[in-house]
Amino acid sequence: MQQNSHTPHPSGAQRQHLLRSIPKVDECLQSLQGIKETAAVPPSVVKAAVREVLAEVRQAILEGNETAAGSLHLDTLIPRFMARISQKQRPRFRRIINATGVIIHTNLGRSILPRSAMEALFEAGSRYSNLEFDLETGRRGSRYSLVEELLCELTGAESALVVNNNAAAVLIVLETLAKGREVIVSRGQLVEIGGSFRIPDVMARSGARLVEVGATNRTHLRDYEGAIGEETGLLLKVHCSNYRIIGFTSEVANEDLVALGRQHDLPVMEDLGSGCFIDLSRFGLMKEPTVQEVVASGVDVVTFSGDKLLGGPQAGIILGSRELVGRIKKNPLNRALRIDKFTLSGLESILRLYRDPERATETIPTLAMIATPVAVVSRRAARLQRRLRRSVGDGCDVALADTMARVGGGAMPEQNLASRAVALTPTVVSVNRLEELLRRQEVPVIGRIEENRLLLDMRTVADDEVGLLADILARVLRERP
Ligand SMILES: *Cc1c(COP(=O)(O)O)cnc(C)c1O
Numbered sequence: 000m001q002q003n004s005h006t007p008h009p010s011g012a013q014r015q016h017l018l019r020s021i022p023k024v025d026e027c028l029q030s031l032q033g034i035k036e037t038a039a040v041p042p043s044v045v046k047a048a049v050r051e052v053l054a055e056v057r058q059a060i061l062e063g064n065e066t067a068a069g070s071l072h073l074d075t076l077i078p079r080f081m082a083r084i085s086q087k088q089r090p091r092f093r094r095i096i097n098a099t100g101v102i103i104h105t106n107l108g109r110s111i112l113p114r115s116a117m118e119a120l121f122e123a124g125s126r127y128s129n130l131e132f133d134l135e136t137g138r139r140g141s142r143y144s145l146v147e148e149l150l151c152e153l154t155g156a157e158s159a160l161v162v163n164n165n166a167a168a169v170l171i172v173l174e175t176l177a178k179g180r181e182v183i184v185s186r187g188q189l190v191e192i193g194g195s196f197r198i199p200d201v202m203a204r205s206g207a208r209l210v211e212v213g214a215t216n217r218t219h220l221r222d223y224e225g226a227i228g229e230e231t232g233l234l235l236k237v238h239c240s241n242y243r244i245i246g247f248t249s250e251v252a253n254e255d256l257v258a259l260g261r262q263h264d265l266p267v268m269e270d271l272g273s274g275c276f277i278d279l280s281r282f283g284l285m286k287e288p289t290v291q292e293v294v295a296s297g298v299d300v301v302t303f304s305g306d307k308l309l310g311g312p313q314a315g316i317i318l319g320s321r322e323l324v325g326r327i328k329k330n331p332l333n334r335a336l337r338i339d340k341f342t343l344s345g346l347e348s349i350l351r352l353y354r355d356p357e358r359a360t361e362t363i364p365t366l367a368m369i370a371t372p373v374a375v376v377s378r379r380a381a382r383l384q385r386r387l388r389r390s391v392g393d394g395c396d397v398a399l400a401d402t403m404a405r406v407g408g409g410a411m412p413e414q415n416l417a418s419r420a421v422a423l424t425p426t427v428v429s430v431n432r433l434e435e436l437l438r439r440q441e442v443p444v445i446g447r448i449e450e451n452r453l454l455l456d457m458r459t460v461a462d463d464e465v466g467l468l469a470d471i472l473a474r475v476l477r478e479r480p
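The sequence shown runs contiguously to residue 480 in numbering that gives the first Met the number 0.
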């Protein structure tokens with residue numbers, strides 16, 4: 000049993016007395032009725048808040064942590080009820096400020112959408128739409144056809160289909176093309192992404208059988224060739240999204256794999272993971288093949304996420320030949336994995352921006368955050384520092400630090416972007432406590448602790464968030480002496 004070290008352990012009788020002193024629920028509700036802030040709160044919420052707080056008080060008494068009868072008075076309890084009510088009234092799913100420096104952060108919502116896409120989403124949600132209605136013929140249409148043309152125009156693919164996410168895309172492609180058959184994959188590409196997506200597991204679910212070839216670091220064309228047999232249904236390449244095998248390595252080029260597939264009449268698929276339409280090497284990142292380049296290499300089916308480097312909503316995009324994508328479209332799983340109208344409208348808006356790559360880079364937040372020169376990030380950090388120096392006084396040391404931001408999201412392994420952070424060393428609380436307090440704010444702020452400082456990486460903080468961030472920090476550091 001836990002015990003507060005500053006208070007004597009209450010005797011059984013004292014404890015009983017304390018338990019009996021806990022006010023009744025009805026009594027508490029009556030007092031709360033007189034408070035105008037609770038007038039608009041649904042009674043069920045008020046009641047639940049009261050019950051929860053009283054249960055905590057009871058527990059604290061039983062554990063010997065609550066020994067003062069004074070803290071059982073309604074005057075003391077009412078602020079606790081009010082705090083609980085306001086916590087319950089707040090949406091559980093809400094915005095945060097991402098000061099981690101990880102641009103595509105899966106836990107923090109991956110990509111954020113530009114205003115134009117949000118406006119399209121707003122309209123899609125608040126009005127009827129032609130989601131599955133062909134305005135030319137006046138008959139039933141397909142939801143995919145609305146973005147298929149754009150996807151083909153932008154990538155050079157013959158046909159396209161969009162499903163719930165890239166995991167779903169991989170699943171439905173394998174299920175359609177290789178169920179009950181063998182899929183040949185290089186041993187170096189059997190990736191796990193975020194613990195929940197593993198190629199071997201998805202493969203098992205699809206009913207396809209995995210045939211691993213090559214060694215972890217090297218796979219040759221002859222390894223694939225040697226594994227092809229009667230049962231082979233597909234040759235699969237998986238992009239090494241979140242790790243890289245370095246040193247003595249070798250993977251087979253798409254063109255060679257495609258030639259081998261043609262020779263044996265086998266389709267070749269590439270799971271690109273984080274597909275990108277723009278060559279990001281000019282922003283100091285490593286050259287990765289663009290989606291257009293992968294399509295041009297002759298691969299029969301390509302899959303990638305909508306919310307990684309593409310910078311759109313969660314989706315799984317499948318590109319490929321008319322024949323193969325046609326078969327995938329007819330798979331009944333397609334119905335279970337389909338996208339909703341919000342995804343569709345957000346995705347179409349994003350894709351339209353890619354018609355002008357320059358504009359796409361400036362307006363799609365995921366790309367803009369990658370493209371922002373470090374000098375601009377530095378100025379943003381300096382702006383926050385100036386504001387904090389004025390407002391937090393000696394509650395915190397506020398310095399600037401060079402950092403490395405990351406593309407993240409299983410995209411572009413080991414690829415860092417020079418960045419700048421505001422480094423906080425609080426004097427009034429521990430750095431861990433500051434991290435926790437910021438996480439618990441109405442607009443939570445998520446940074447990272449390094450060498451006993453809290454770093455707020457400014458690459459992922461928008462210009463128009465600096466003021467809010469400064470206000471939150473000032474409040475937290477002033478309120479907690
Ligand atoms: C991210 C990723 C996936 C999963 O994509 P989701 O859109 O998160 O479902 C699958 N394969 C690769 C190679 C990835 O990088």
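A virtual CB, placed ideally from N, CA and C, is assigned to each residue, including glycine.
Where the alpha helix (DSSP H) through residue i begins and ends
i    : result
K328 : 321 to 329
L482 : Here the chain comprises residues numbered 0 to 480, so residue 482 is not present and cannot be evaluated.
M202 : 198 to 205
A116 : 114 to 125
R334 : 332 to 335
T154 : 144 to 154
R382 : 373 to 391
Own chain, CB closer than 6 Å to residue i, minus 5 neighbours either side, in chain order
i    : result
P443 : I95
Q440 : I471
E36  : none
Q1   : Residue placement at Q1 is poorly supported in this model, since its pLDDT is 47, which falls under 50; the coordinates are not used for a value here.
A417 : V373
Anticipated Cβ contact below 8 Å, residue i with residue j, distance rounded
i    : j    : result
V267 : G260 : 4 Å
S344 : A119 : 4 Å
I481 : R57  : Because the chain is modelled from 0 through 480, residue 481 falls outside the range shown and cannot be assessed.
E254 : S320 : With 8 Å as the limit, E254 and S320 do not qualify as a contact, their Cβ atoms being about 16 Å apart.
V298 : V257 : 6 Å
A168 : G315 : 3 Å
T99  : D456 : 6 Å
A207 : A177 : 4 Å
Residue i versus the options, residue with shortest Cα-Cα distance
i    : options                : result
D133 : L145, G124, S125, E122 : L145
A404 : A168, N163, N97        : N97
E157 : I84, V427, G325        : G325
Q414 : A203, C275, V101       : V101
G272 : L284, L173, R382, G408 : G408
T231 : G213, E254, S296, V184 : V184
R180 : L234, S70, A258        : L234
F92  : R83, R79, G108         : G108
R186 : G206, H263, E211, A168 : E211
G310 : L352, N64, L284        : L352
A359 : I171, A420, L153       : L153
S348 : N64, G446, E478, E122  : E122
A461 : A367, R438, N431, L220 : A367
V430 : R89, T371, G446        : G446
I77  : A67, N64, L28, S115    : L28
R197 : E287, L279, N165       : N165
I448 : A420, A473, M117, A469 : A420
Q539 : V52, D25, A68          : Lying outside 0 to 480, the shown extent of the chain, residue 539 is not represented and no answer is given.
L130 : R452, R354, E435, T342 : T342
L149 : F276, E322, T402       : F276
Span of the beta strand (DSSP E) around residue i
i    : result
D74  : Unbroken run through D74 is the alpha helix (DSSP H), 73 to 88; no beta strand (DSSP E).
F341 : From DSSP, F341 is part of no beta strand (DSSP E) but of the alpha helix (DSSP H) over 340 to 352.
V161 : 158 to 162
N415 : 415 to 425
I102 : 101 to 103
Contacts around residue i, its chain only, beta-carbon distance under 7 Å, and the 5 residues preceding and following it disregarded
i    : result
A48  : F80, R83, I84, K87
S128 : K340
V172 : M268, V300, T302, I317, I327
Chain-order list of residues whose beta-carbon lies under 8 Å from that of residue i (same chain, five-residue window excluded)
i    : result
L467 : I96, V442
N3   : At N3 the pLDDT is 47, less than 50, meaning the model places this residue with poor confidence; the figure from the coordinates comes in the next sentence. Cβ within range, chain order: G63, N64, T66.
R89  : E441
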